[in-house]
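The structure under discussion appears below in the form of structure tokens.
2 protein chains.
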Amino acid sequence: MPTQDKNSTRYAHRHQRAVAAAAAVFADKGFHGASTRDIAEKLGIQQGSLYYYFKSKEAALEEVCLTALRDYVSHIESIASQPDKLEVKLQAAIAAHLATYKHNNEAMKVHNEQRLYLPKERRKHLNALGSRYRQQLEGIFCEGVSSGQLREDIDCHFTALSLIGLCNYWGIQLLRNTPLKTEDVTVKCVDIMLHGCLARRTGIPDTDTQTDTQVN
Amino acid sequence: MPTQDKNSTRYAHRHQRAVAAAAAVFADKGFHGASTRDIAEKLGIQQGSLYYYFKSKEAALEEVCLTALRDYVSHIESIASQPDKLEVKLQAAIAAHLATYKHNNEAMKVHNEQRLYLPKERRKHLNALGSRYRQQLEGIFCEGVSSGQLREDIDCHFTALSLIGLCNYWGIQLLRNTPLKTEDVTVKCVDIMLHGCLARRTGIPDTDTQTDTQVN
DNA sequence: TATAGAATCTATAGGTTTATAGAAAAAAGC
DNA sequence: GCTTTTTTCTATAAACCTATAGATTCTATA
Numbered sequence: 408m409p410t411q412d413k414n415s416t417r418y419a420h421r422h423q424r425a426v427a428a429a430a431a432v433f434a435d436k437g438f439h440g441a442s443t444r445d446i447a448e449k450l451g452i453q454q455g456s457l458y459y460y461f462k463s464k465e466a467a468l469e470e471v472c473l474t475a476l477r478d479y480v481s482h483i484e485s486i487a488s489q490p491d492k493l494e495v496k497l498q499a500a501i502a503a504h505l506a507t508y509k510h511n512n513e514a515m516k517v518h519n520e521q522r523l524y525l526p527k528e529r530r531k532h533l534n535a536l537g538s539r540y541r542q543q544l545e546g547i548f549c550e551g552v553s554s555g556q557l558r559e560d561i562d563c564h565f566t567a568l569s570l571i572g573l574c575n576y577w578g579i580q581l582l583r584n585t586p587l588k589t590e591d592v593t594v595k596c597v598d599i600m601l602h603g604c605l606a607r608r609t610g611i612p613d614t615d616t617q618t619d620t621q622v623n
Numbered sequence: 408m409p410t411q412d413k414n415s416t417r418y419a420h421r422h423q424r425a426v427a428a429a430a431a432v433f434a435d436k437g438f439h440g441a442s443t444r445d446i447a448e449k450l451g452i453q454q455g456s457l458y459y460y461f462k463s464k465e466a467a468l469e470e471v472c473l474t475a476l477r478d479y480v481s482h483i484e485s486i487a488s489q490p491d492k493l494e495v496k497l498q499a500a501i502a503a504h505l506a507t508y509k510h511n512n513e514a515m516k517v518h519n520e521q522r523l524y525l526p527k528e529r530r531k532h533l534n535a536l537g538s539r540y541r542q543q544l545e546g547i548f549c550e551g552v553s554s555g556q557l558r559e560d561i562d563c564h565f566t567a568l569s570l571i572g573l574c575n576y577w578g579i580q581l582l583r584n585t586p587l588k589t590e591d592v593t594v595k596c597v598d599i600m601l602h603g604c605l606a607r608r609t610g611i612p613d614t615d616t617q618t619d620t621q622v623n
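Chains as they are written, first to last, in the numbering used here: chain A, 408 to 623; chain B, 408 to 623.
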């Protein structure tokens, strides 16, 4: 029971560290595979002490997911609201998505992989944020169609979701794979989404950055 | 300790059912979230009896993953070996990938999401199968480039992995989302991968099958 | 129908887990 | 320096979990 007043800075800081520790452990072992003892250990305190920061293990998971999503959503919203050209926006959106993985990495991973272990009730807020993200992205595509920059016959909803799927995949790879460079991946994702891979005309020249991945 | 001889059919059949039950439970609750009691319950037997079929819970996870991958790999290999045109092959590959999800759904989900909870040693066989899949898919793309059907400047490795990411994403959605039709998703995935979404010339006319997804 | 082997059951050892309560230590305020 | 509040610790209850062992029931076949 912290005061939330003057010392709120102090508490907030410690609390944040606890969330980060939980994120790291959940990302590594999964929600059920991780024990509260693991989290406490990473934090350098005793298992019981953890309950000073979290009401329950489940609450910890919820917090981890929420912190991950907040960044993520605020990024895309600021990108979508700018009056840039479609290609610029898309590039920015993808870059931001992948960057979130790079910085907030564990939390994002936890959100994507463990969120469904939360009871429905606890997922509401999360779903709302997720929808906002999706809508913004979808909006970017719709705008592109209206302005004639994108094909008229694409399904914006489907395309937006596909991009999310693609970015999530590469986000995870970036997290696991040090040699992989965020910028390269971004460029290549943009290229595929915009041009596809059918021969027609050269899109973006390959900078010969072969991604030497030996993943999965 | 079964005989493996005459009764091997009988045992094999029951064993298969046990693997399927494990797949369903793992898919739903995750490896650590699921208990052997849950699996036994789904199978209609007692918790202890499960150990007649599995040496350990971990062994059960391994088997689930293996059964999922075997289908998956044999499919792509037969597709890749056929002398079809690139577009046909790609369509077939995507269709097969998504179909595997539709039929072997739980096992595939478990493979993708829970496999990393297996100790490295146990993952070797799995990794080998995964590599085979990736190589076949990559081969299809490389072939397309050589034959001039695909852009010369794409990174086949990256593209193949991206396709896997995309298909995995939609595979999961198909599993969770009854109104979604496999064929629609297949067509749209092929379309994105080949043509991208930049305006140029109409690719495949949209059959107006708006995917009314409200996923995530 | 008697018997061997397959399939399942019951019971349990030994361990881990979450969450709580009250004591103790650390930090802050005056 | 003394008091109050925050933070951490210790100990523990109650539940659950995996894996094993030995007894029991079922099934097929001679």
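Even for Gly, the Cβ is constructed at its ideal location relative to N, Cα and C.
Computed from a predicted structure; not experimentally measured.
Remark: C-beta atoms of B/ALA567 and B/LEU601 do not approach each other more closely than 8 Å.
When A/LEU587, A/GLN580, A/ILE571 and A/ARG539 are compared, the shortest CA-CA separation from B/GLN580 is found for A/ILE571.
Interface residue (Cβ-Cβ distance to chain A less than 8 Å): B/GLY546 is not classified as such. Listed along chain A is no residue with a C-beta nearer than 9 Å to that of B/ILE446; the closest approach is about 15 Å.
About 19 Å separates the CB atoms of A/ALA475 and A/THR593; that is not less than 8 Å, and the two are not in contact. When Cβ-Cβ separations below 8 Å define contact, B/LYS588 makes no contact with chain A. The C-beta of B/ALA606 comes closer than 8 Å to at least one C-beta of chain A. Taking a Cβ-Cβ threshold of 7 Å, the residues of chain A close to B/TYR524 are GLY437 and GLY440, in chain order.
At a cut-off of 8 Å between beta carbons, A/ARG529 makes no contact with chain B. Residue range 493 to 510 is occupied by the alpha helix (DSSP H) that includes A/ALA506. Here the alpha carbons of B/GLN542 and B/ALA535 stand approximately 11 Å from one another.
The segment 470 to 486 of chain B and the segment 511 to 524 of chain B touch, with three or more beta-carbon pairs separated by less than 8 Å.
If you compare the alpha carbons of A/ALA606, A/ARG522 and A/GLU484 with that of A/LEU468, the shortest gap goes to A/ARG522. The three-state reading of DSSP puts A/LEU582 in helix, counting H, G and I together. Annotation: B/ALA425 to B/SER442 spans about 14 Å, alpha carbon to alpha carbon.
DSSP, reduced to helix, strand and coil, places A/LEU587 outside both helices and strands of the structure shown, so it counts as coil. Non-local beta-carbon contacts of B/CYS563 in its own chain, meaning distances under 8 Å to residues more than five positions away in sequence, involve GLU545, PHE548, CYS549 and VAL552 in chain order.
Against chain A, the CB of B/ARG539 has no partner CB under 8 Å away; the residue lies outside that interface. A contact is defined here as three or more CB-CB pairs under 8 Å, and the segment 433 to 442 of chain B meets this definition with respect to the segment 430 to 439 of chain A. Apart from sequence neighbours up to five positions away, the residues of its chain that approach B/TYR508 with a beta-carbon distance below 7 Å are MET515, GLY578, LEU581 and LEU582, ordered along the chain. For A/TYR576, the closest C-alpha among the options A/GLN556, A/GLU590, A/ARG558 and A/ASN519 is that of A/ASN519. Annotation: A/PHE433 to A/CYS472 spans about 11 Å, alpha carbon to alpha carbon. Of all residues in the segment 556 to 590 of chain A, only GLN556, LEU557, ARG558, GLU559, ASP560, ILE561, ASP562, HIS564, PHE565, THR566, LEU568, SER569, ILE571, GLY572, LEU573, ASN575, TYR576, TRP577 and GLN580 come within less than 8 Å of chain B when Cβ atoms are compared, listed by chain position. In the three-state DSSP reduction, A/LEU457 falls in the helix class (H, G or I).
DSSP places A/LEU525 in the coil class of the three-state scheme, outside both helix and strand.
Going by C-alpha positions, B/GLU470 is about 10 Å away from B/ALA427.
Ranked by how close their Cα comes to the Cα of A/GLU448, the residues A/LYS462, A/LEU557, A/TYR459 and A/ALA429 have A/ALA429 in first place. One Cα belongs to B/THR416, the other to B/TYR459, and the distance between them is close to 16 Å.
Cβ-Cβ separation between A/SER569 and B/ILE446: approximately 34 Å, too far for a contact (criterion under 8 Å).
Ranked by Cα distance from A/PHE461, the options A/THR589, A/ALA419, A/GLU484 and A/LEU587 are led by A/ALA419. The beta carbons of B/VAL480 and B/ARG539 sit about 5 Å from each other, so the pair counts as a contact at 8 Å.
Residues of chain B with a Cβ closer than 9 Å to the Cβ of A/LYS595 are, in chain order, ILE561, ASP562, PHE565, THR566 and SER569. Note on B/GLY603: 16 or more other CB atoms within 10 angstroms of its CB, so buried under the neighbour-count rule.
Residues of the segment 484 to 516 of chain A with a C-beta atom less than 7 Å from some C-beta of chain B do not occur. Within chain B, the residues placing a beta-carbon under 7 Å from that of A/LEU601 are GLY603, CYS604 and LEU605, ordered along the chain.
If you ignore the 5 residues before and after A/ARG444, its C-beta comes within less than 6 Å of the C-beta of GLN454, all in its own chain and listed in chain order.
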